[in-house]
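Engineer: Everything in the sequence shown is counted per my numbering, starting at 833 for the first residue and increasing by one.
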Amino acid sequence: MTSHRTRSALGATALLAAGALALTACGSGFDDTGDGGSADGFTSSDDALTVVIGSSGDAETQAVTDAVAAWSEQSGVDATVQAATDLPQQLSQGFAAGSPPDVFYLSADAMAGYAGNGSLKAYGDELANRDDFYPSLVENFTIDDEFYCAPKDFSTLGLVINTQLWEQAGLTDADIPTDWDQLAAVAQRLTADGRAGLAFGAEYQRIGAFMAQAGGGLVTDGAATADSSENVEALEYVKTHLADGTFAYAADLGAGWGGEAFGKQLAAMTIEGNWITGGLAADYPDVAYTVAPLPAGPGGEGTLQFTNCWGMAADSPNQQAALELIEYLTSTDQQLAFSEAFGPMPSIQSAADAWRDANPDLASFLDGAEYAQFPPNQDGSADVITDFNSQLESLATGDPSSILESVQANLEAIVG
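1. Assign G1175 to one of two classes, buried (16 or more other C-beta atoms within 10 Å of its C-beta) or exposed (fewer than that).
2. Terminal residues of the continuous alpha helix (DSSP H) containing V1119?
3. What does DSSP give as the partner residue(s) for R1027 in the beta ladder?
4. L1126: which of T897, A880, A1204 sits nearest, CA to CA?
5. Can you grab the Cα-Cα spacing for the pair S876 / Y955, in whole Å?
6. If you draw a straight line from the alpha carbon of G1095 to that of F986, how long is it in whole angstroms?
7. What does a CB cutoff of less than 6 Å around E1104 pick up in its chain, not counting 5 residues either side in sequence?
8. Identify the continuous alpha helix (DSSP H) that holds I1235 and give its terminal residues.
9. Would you kindly report the start and end of the unbroken beta strand (DSSP E) that includes Y955?
10. Ignoring anything shorter than 3 residues or poking outside the segment 1119-1182, list the beta strand (DSSP E) runs there in chain order.
11. Kindly indicate which residue of I1039, N1140, L1157 has the alpha-carbon position closest to the one of L881.
12. Could you spell out the range, first to last residue, of the beta strand (DSSP E) harbouring F986?
13. Please tell me whether Y937 and I885 are closer than 7 Å, where the distance is taken between their beta carbons.
14. Among D941, G930, G1088, which residue has its Cα nearest to the Cα of N972?
15. From the DSSP output, which residues share a beta bridge with L938?
16. How big is the Cα-Cα spacing for D1133 and A1113?
17. Rounded to the nearest angstrom, how far is the Cβ of L1236 from that of A1058, given a contact under 8 Å?
18. Under a Cβ-count criterion, where at least 16 other Cβ atoms within 10 Å of its own Cβ denotes burial, should P920 be classed as buried or exposed?
19. Kindly list the residues whose CB is nearer than 7 Å to the CB of A1241, restricted to its own chain and excluding five residues on each side of it in sequence; keep chain order.
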């Protein structure tokens, strides 16, 4: 994950999901066992590969271009990389026209729509490095027991603390909060001079971490569980501290996202993912900070994870080469190179130790992989989340139970 995509990871891909829903079954242009097919069910040809990405900037585009070029030289298969200006639209148009890219970035919530109309090749179980991916990431890209695509990287949420403001409030490392009561206490001490103790986005993609910490979640074992008592408790906790002014939405502070509120020192703490490091380095290099795990709630530790995968088109005439390219791009060495170039965390466990060694101050983000919860990936979930977010904007004066009952009804319509 990278900065501009993941500030609102699901919301950014809602158009992609909508585009997928609008398509008819257009992924049947090739018979995997007929002409041009290989014995293992993958098409094979001399065709060049086209790779389309949704890039966070020049660093990511260059890193992926260089990696694909290196693989191309090594394999002898021509391959080109294109950074889409509007990835959801470009993918939707490509599938509709019957000429999608062979390999592309794909979000979990958009995957279901494309999988449902036959546009995707489900190749995950054929990956040589299949067992190296974090299990929760594999689950994130699994539908009806089919592992569709390789997670390309991921991010989790952590508690980012302004060390200067922390020390000015008389707080030490011993005060870093490990539970909700402690978080409320330090947020109160840090709230001063028009500055909030803690700020975050008015969205499930941040507040959902509190739901996970309460022992809740939107979908559990395939069933909608939005209106659970655990989720009500989580929203009540957030509502209480929004109302008393120690917590604040970034937008209410005049900031576009939590990282901006934090960088401008409108808040002393924020809940964000590891993409914040790039944003702070670029825009607020003088703000010193530390990253801690999110405090545990009544249900234990909890955070959210965000990820994209390397999608493969069912209509690709050269799926065998596409598979080999994806294995190369998700290898330990290459994922570590991507991390150094533009900041994502590797999606494979074999890279964990090297990543920790290179990023010791960010280890809390990787630690979260052990207990991270991922947003719903069912077809239509993006629309449910969008509606949920609109209701969360008025949480400070709203009724958590009523909000969650509405989300429950919307989820049941797509989950069953």
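The beta-carbon is built from N, C-alpha and C at its ideal position, and this holds for glycine as well. Remember, it's a predicted structure, so these values are computed and weren't measured experimentally.
Structural biologist: So, from the listed chains and residues:
1. Indexing the sequence shown from 1 puts residue 1175 at position 343. With 16 or more Cβ atoms within 10 Å of its Cβ, G1175 is classed as buried.
2. Position 287 of the sequence shown, counting from 1, holds the residue named residue 1119. First-last for V1119: undefined, no H or E at that position.
3. Translated into positions along the sequence shown, residue 1027 becomes position 195. In the DSSP assignment, R1027 forms a beta bridge with A1024.
4. Along the sequence shown, read from residue 1 onward, the residue named residue 1126 stands at position 294. Minimum Cα distance to L1126 is reached at A1204.
5. Counting from 1 along the sequence shown, the entry for residue 876 is found at position 44. Counting from 1 along the sequence shown, the entry for residue 955 is found at position 123. Rounded to the nearest whole angstrom, the C-alpha separation of S876 and Y955 is 14 Å.
6. Sequence index remark: in the sequence shown, residue 1095 carries index 263 (1-based). Sequence index remark: in the sequence shown, residue 986 carries index 154 (1-based). Rounded to the nearest angstrom, the two C-alpha atoms are 23 Å apart.
7. Along the sequence shown, read from residue 1 onward, the residue named residue 1104 stands at position 272. If we look at E1104 and ignore the five residues flanking it on each side, its Cβ neighbours are V992, G1090, G1091.
8. One-based indexing of the sequence shown puts residue 1235 at position 403. 1232-1247 is the extent of the alpha helix (DSSP H) around I1235.
9. By 1-based counting over the sequence shown, the position of residue 955 is 123. Bounds of any beta strand (DSSP E) do not take in Y955, whose DSSP letter is neither H nor E.
10. Inside the segment 1119-1182, DSSP marks whole beta strand (DSSP E) runs of 3 or more residues at positions 1121-1124, 1135-1144, from first to last along the chain.
11. Here residue 881 refers to the residue found at position 49 when the sequence shown is read from its first residue. Shortest Cα-Cα distance from L881 to any of I1039, N1140, L1157 involves L1157.
12. Walking along the sequence shown from the start, residue 986 turns up at place 154. First-last of the beta strand (DSSP E) with F986: 982-994.
13. One-based indexing of the sequence shown puts residue 937 at position 105. One-based indexing of the sequence shown puts residue 885 at position 53. Yes, these two residues count as a Cβ contact at 7 Å.
14. Position 140 of the sequence shown, counting from 1, holds the residue named residue 972. Of D941, G930, G1088, the residue nearest in Cα terms is D941.
15. If you number the sequence shown from 1, residue 938 lands on position 106. When DSSP reads this structure, L938 sits in a beta bridge with C1141.
16. Residue 1133 sits at position 301 when you count from the first residue of the sequence shown. Residue 1113 sits at position 281 when you count from the first residue of the sequence shown. First, the amino acid is wrong: residue 1133 is Glu here, not Asp. Their backbone Cα atoms lie some 28 Å apart in a straight line.
17. Here residue 1236 refers to the residue found at position 404 of the sequence shown. Here residue 1058 refers to the residue found at position 226 of the sequence shown. With 8 Å as the limit, L1236 and A1058 qualify as a contact, their Cβ atoms being about 5 Å apart.
18. Taking the sequence shown and counting its residues from 1, one reaches residue 920 at position 88. By the neighbour-count rule (16 or more Cβ atoms within 10 Å), P920 is buried.
19. Working through the sequence shown from its first residue, we reach residue 1241 at position 409. Taken in chain order, the list of residues that qualify is empty.
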